[in-house]
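Trainee: Using our numbering, read the sequence shown as starting at 204 and increasing by one per residue.
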Amino acid sequence: MAKKKSVYEIVTERILELLAAGVVPWRRPWVVSGAVNWISQRPYRGINTLLLPPGEYATYKQITEAGGSVKGAKSQIVVFWRWLEKEDADTGEAEKIPMLRYYRVFDIKDCKGIKSKRKEVSFDHDPIAEAEAIVDGYADAPPIGFASGRAYYMPSPDRVSVPPLQDYPKAEEYYLTLFHELIHSSGHQSRLNRPGIEEYAAFGDENYSKEELIAEIGAAMLCATCGIDNSTIENSAAYIQSWHRKLKNDPTLIVKAAGQAQKATDYILGTTFDEANGD
204 MAKKKSVYEI VTERILELLA AGVVPWRRPW VVSGAVNWIS QRPYRGINTL LLPPGEYATY
264 KQITEAGGSV KGAKSQIVVF WRWLEKEDAD TGEAEKIPML RYYRVFDIKD CKGIKSKRKE
324 VSFDHDPIAE AEAIVDGYAD APPIGFASGR AYYMPSPDRV SVPPLQDYPK AEEYYLTLFH
384 ELIHSSGHQS RLNRPGIEEY AAFGDENYSK EELIAEIGAA MLCATCGIDN STIENSAAYI
444 QSWHRKLKND PTLIVKAAGQ AQKATDYILG TTFDEANGD
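1) Which residue wins for smallest C-alpha separation from Tyr341, given the options Lys206, Ala467 and Tyr355?
2) Would you mind giving the Cβ-Cβ distance between Val282 and Tyr260, rounded to the nearest angstrom? I have them listed as a contact below 8 Å.
3) Does the contact criterion of 3 or more C-beta pairs under 8 Å hold for the region 351-362 versus the region 271-278?
4) Hey, out of His387, Pro366, Glu323 and Leu385, whose CA is closest to Tyr377's CA?
5) Can you give the Cα-Cα distance for Lys277 and Glu296, rounded to whole angstroms?
6) Tell me the DSSP secondary structure of Pro228 in three-state form.
7) CB Ala418 to CB Ile386, shorter than 8 Å?
8) Hey, could you find the ends of the alpha helix (DSSP H) Gly462 is sitting in?
9) Buried or exposed, going by whether 16 or more other CB atoms sit within 10 Å of the CB of Asn251?
10) Rounded to whole angstroms, what is the Cα-Cα separation between Pro257 and Ala336?
11) Under a CB-based cut-off of 8 Å, is Gly275 close to chain B?
12) Taking 6 Å as the limit between beta carbons, can you name the residues of its chain near Arg397, skipping five residues before and five after?
13) Please classify Tyr377: does DSSP put it in a helix, a strand, or coil?
14) Would you tell me roughly how many angstroms separate the C-alpha atoms of Ile379 and Ala332, rounded to the nearest one?
15) According to DSSP, is Gly271 helix, strand or coil?
16) Let's test the definition: count the other Cβ atoms within 10 Å of the Cβ of Val324 and tell me whether it reaches 16, buried, or not, exposed.
17) Considering only residues of the same chain and omitting the five flanking positions on each side of Asp486, which have a CB-CB separation below 6 Å?
18) Can you tell me whether Trp286 is buried or exposed? The criterion is at least 16 other CB atoms within 10 Å of its CB, across all chains shown.
19) From Ser412, Ala374 and Thr475, pick the residue whose C-alpha is nearest to that of Gly430; which is it?
20) Output the distance between the C-alpha atoms of Ile266 and Ser243, rounded to the nearest integer angstrom.
21) According to DSSP, is Ala350 part of a helix, a strand, or is it coil?
22) Can you give, in chain order, each stretch of the beta strand (DSSP E) that sits fully within the region 277-306 and has at least 3 residues?
23) Are the Cβ atoms of Arg248 and Gln279 separated by less than 8 Å?
Dropping the structure here:
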C-alpha cells in the first residue's frame, strides 16, 4: 500500500508542477506602496527601497515651489547613477563611466502646507483563525511590526515587519507574506541557525536567493497547513521561479530548499521530527 503523502510533499510537488509553466511575475500582493515620489507617485527602485521608509517624498525645491515648508522635517538620501562620457587617452574613443550621485528628499507628512497625493485604499478582512493560530503558536517568535509598503525580516535585531492586513486585496496573501518572513526568522542563530541567514541582507547573492526559496516554500507549506493554499500557491510558485532562475535552475535546488523549508515549518508549528513523520 502506497504511503500517504504529507502536506509538505504535496506542496513541493505542486510548486514543481507550476514552475514548469515558467511564469515569473514579481509578487507584491499589498496595494499600499512603500516610498514613492510625491509628484509622480512612482515607487523608488533599487537600493532606495531600503534607504527610504514608506512615504511620499519630494525635494526642497518641489516642496517650496508648491507653497510648503520643510521646517522641522528631516531629510533622507536618494541615490542614483549618472553616466559620464570620457575620452580614452589611448584610443580616443568615448567611454561611459558610472558615477554615483545622491540628493535629499523630505517625507511630505513631516512638511507644512503639503497634502498627500496618495489614494487611500484599504480592505476590510476578518482574520483567518487557523492562520492566526499558527502565528500565535510560534513559541519564540521575534517581535512583529505592521508598517505599510515593505515586508522584511532583519536577523539583527531579530525583527519581522509586514504591511497590515487591510493593505491586501486578499487576506490569504497577507498570511502568505507574514509566513514568508516568519520562515526567515526561524533560521536565526537562536533558533535553527540556518547557514546563510546572517548574510541574508546581501540582496541578490546566492545565499540570499537560496534563503528566499526556503522562505517562500515554507510559507506555502504553512498556508497548506491552515487550509489556504489554493489561494496562494500559484503566486508562491511564480515568486520562487524568479529566484530559481538566479541560481541557474539547479534541478536539485528546489527539493533541497523544500527540505529546509519543512524543518522551518515544523519549528514554527512546534512539531518534532518524529511527530511530523507519524513515528
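By construction, the Cβ of each residue, glycine as well, lies at the ideal position given by its N, Cα and C atoms.
Mentor: In this structure, then:
1) Here the question's residue 341 lines up with position 138 in the sequence shown. Answer by Cα proximity: Ala467.
2) Indexing the sequence shown from 1 puts residue 282 at position 79. Indexing the sequence shown from 1 puts residue 260 at position 57. With a Cβ gap of about 13 Å, Val282 and Tyr260 do not count as contacting.
3) no
4) As a first step, residue 377 is located in the sequence shown; it is residue number 174 there, counting from the start. Per the Cα distances, Pro366.
5) The sequence position of residue 277 within the sequence shown is 74, counting from 1. The sequence position of residue 296 within the sequence shown is 93, counting from 1. Going from the Cα of Lys277 to the Cα of Glu296 covers about 44 Å.
6) On the sequence shown, residue 228 is found 25 positions in, with the first residue counted as 1. Reliability of the predicted coordinates at Pro228 is poor, the pLDDT of 32 falling under 50, and no value is obtained from them.
7) Working through the sequence shown from its first residue, we reach residue 418 at position 215. Working through the sequence shown from its first residue, we reach residue 386 at position 183. It is a contact, given that the beta carbons lie within the stated cut-off.
8) In the sequence shown, counting from the first residue as 1, residue 462 sits at position 259. Here the alpha helix (DSSP H) through Gly462 covers Leu456 to Leu472.
9) Reading the sequence shown from its first residue, position 48 is the one you call residue 251. With 16 or more Cβ atoms within 10 Å of its Cβ, Asn251 is classed as buried.
10) Sequence index remark: in the sequence shown, residue 257 carries index 54 (1-based). Sequence index remark: in the sequence shown, residue 336 carries index 133 (1-based). So the alpha carbons of these two residues sit roughly 29 Å apart.
11) Reference to chain B is not applicable here, since this structure consists of a single protein chain.
12) As a position in the sequence shown, residue 397 is number 194, starting the count at 1. Closer than 6 Å at Cβ, skipping near neighbours: Gly390.
13) For the purposes of this step, residue 377 is taken as residue 174 along the sequence shown, with counting starting at 1. Tyr377 falls in the helix class under three-state DSSP.
14) In the sequence shown, residue 379 corresponds to position 176, counting from 1. In the sequence shown, residue 332 corresponds to position 129, counting from 1. Residue identity differs from the one stated: residue 379 is Leu in this sequence, not Ile. Going from the Cα of Leu379 to the Cα of Ala332 covers about 14 Å.
15) Reading the sequence shown from its first residue, position 68 is the one you call residue 271. Of the three classes helix, strand and coil, the one that applies to Gly271 here is coil, per DSSP.
16) As a working note, residue 324 is residue 121 in the sequence shown. Counting Cβ neighbours within 10 Å, Val324 comes out exposed, since fewer than 16 surround it.
17) Since the first residue of the chain shown is 204 and the last is 482, residue 486 is not available in this structure.
18) Position 83 of the sequence shown, counted from the first residue, corresponds to residue 286. That one is exposed.
19) Against the sequence shown, residue 430 aligns to sequence position 227. For the residues Ser412, Ala374 and Thr475, the minimum Cα distance to Gly430 belongs to Ala374.
20) Taking the first residue of the sequence shown as 1, we reach residue 266 at position 63. Taking the first residue of the sequence shown as 1, we reach residue 243 at position 40. Taking the straight line joining both Cα atoms gives about 13 Å.
21) In the sequence shown, residue 350 corresponds to position 147, counting from 1. Residue state, collapsed to three classes: coil.
22) 278-290
23) For the purposes of this step, residue 248 is identified with residue 45 of the sequence shown, where counting begins at 1. For the purposes of this step, residue 279 is identified with residue 76 of the sequence shown, where counting begins at 1. Against a cut-off of 8 Å, the Cβ pair of Gln279 and Arg248 comes out as no contact.
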